[in-house]
Structure formats: C-alpha cells, structure tokens
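Notes follow the structure.
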Amino acid sequence: MDLPEPLHDFLLVFLGLCLVLGSLGVVFFTNLIFSAFSLGLVLICISLFYILSNSHFVAAAQLLIYVGAINVLILFAVMFMNGSEYHQDFHHFTVGGGIILMVCTSIFVSLITTIPDISWYRLIWTTRPNQIIEQDLISTSQQIGVHLSKYIYKN
Numbered sequence: 001m002d003l004p005e006p007l008h009d010f011l012l013v014f015l016g017l018c019l020v021l022g023s024l025g026v027v028f029f030t031n032l033i034f035s036a037f038s039l040g041l042v043l044i045c046i047s048l049f050y051i052l053s054n055s056h057f058v059a060a061a062q063l064l065i066y067v068g069a070i071n072v073l074i075l076f077a078v079m080f081m082n083g084s085e086y087h088q089d090f091h092h093f094t095v096g097g098g099i100i101l102m103v104c105t106s107i108f109v110s111l112i113t114t115i116p117d118i119s120w121y122r123l124i125w126t127t128r129p130n131q132i133i134e135q136d137l138i139s140t141s142q143q144i145g146v147h148l149s150k151y152i153y154k155n
C-alpha cells in the first residue's frame, strides 16, 4: 500500500499487538470457542500484514482458506463436542505444562536476541518493481535467487 511512513508504522505496531494478544488468547482461553475466535483474529491479522506488504493475492487466499474454511471447521467441531467431559479433569498447571513453558520461553528469548543481529540479505530493491540491484552477494543461493527472480519478473 502507498501509505505515509508514520501511518504504515502505526498499522504495523497495531497489527503486531493484535497478533500477539490474539495468540495469547488462543493459548490461555479455557473456553474453546473463545480460543477459536482468537485464532480467527490471528489469521485475519496475518492477512492484513500481507495486505500491508502489497501481497493482495496471498491475503485473499489467507482469508478464504484459513479464516473462511479452517477456522469455521474448528468452530463447528468445538461446538459439536461435549464440553462437560473436557472440563471434568482439567488441571491448570501440570509438570509437563511447566516444562513446555520453560522450553517455549527459552526458544522465544533466544529468537528475540538472535533475530536483530542477523543480516538477512544484501539486496537493495529499487523503486522500479522489476529491477534488482546485486550488491556483494555472499552465497551462491543468493545469486541463484536473484537470477531466478530476474528470469521470472522480466518485462
């Protein structure tokens, strides 16, 4: 989208916040219907991320396939389940849950500390959408990717 930079940054932060809160809702809601609705919120936020990055077809596919089909299927399955049997033996904290929490937290912290330090690529995208400038490509896989994208997106 051709949005001003402050508005684009605000939308990215807002969608990121909705994505994080929705994913926390998927994990922490004890009612499965609320959890499924939170999953729908997460999938819609992912689709809006695709729209912000000008990938409209992927956004439409995300909405149709995941939100429109998979999430509705999950909601129907949850509504047809007998909820009283599920809540009968429900424990809020178990030893396995604590171990999984520690493993997931350590993976999350390692990703948060590692991702900002990684140089993901050394390509400069120009203002013209079909032209890529090569600048010190490190690996042959980057060179192959640039040549394939030139072949695919040539005029």
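Residues in the sequence shown are numbered consecutively from 1, following the UniProt record's numbering.
All residues carry an ideal CB built from backbone N, CA and C; glycine is no exception.
CB contact flag (residue i, residue j, <8 Å)
i: L32; j: Y66; result: no
i: A36; j: S47; result: no
i: L52; j: H8; result: yes
Cβ neighbours of residue i in the same chain (closer than 7 Å, five flanking residues each side left out)
i: C18; result: L41, C45
i: F49; result: L15
Residue i in three-state terms, based on DSSP
i: F57; result: helix
i: L3; result: coil
i: T113; result: helix
i: T140; result: helix
i: N31; result: coil
i: T94; result: coil
i: residue 175; result: As shown, the chain starts at 1 and ends at 155. That puts residue 175 outside it, with no answer to give.
i: L123; result: Any answer about L123 is weak, because its pLDDT of 44 lies below 50 and its placement is not dependable; what the coordinates show is given next. If DSSP states are grouped into helix, strand and coil, L123 belongs with the strands.
Residues near residue i by beta carbon distance below 6 Å, same chain, minus five either side
i: Y121; result: Unreliable positioning characterises Y121 in this predicted model, as indicated by a pLDDT of 49, which lies under 50. The coordinate reading is nonetheless provided below. Excluding positions up to five away in sequence, the list is empty.
i: V78; result: L32, I33, A36
For residue i, the nearest candidate out of the options (CA to CA)
i: F108; options: V20, A61, L52, D9; result: V20
i: F28; options: K150, P116, L101; result: L101
i: V72; options: L12, V103, L39, H147; result: L39
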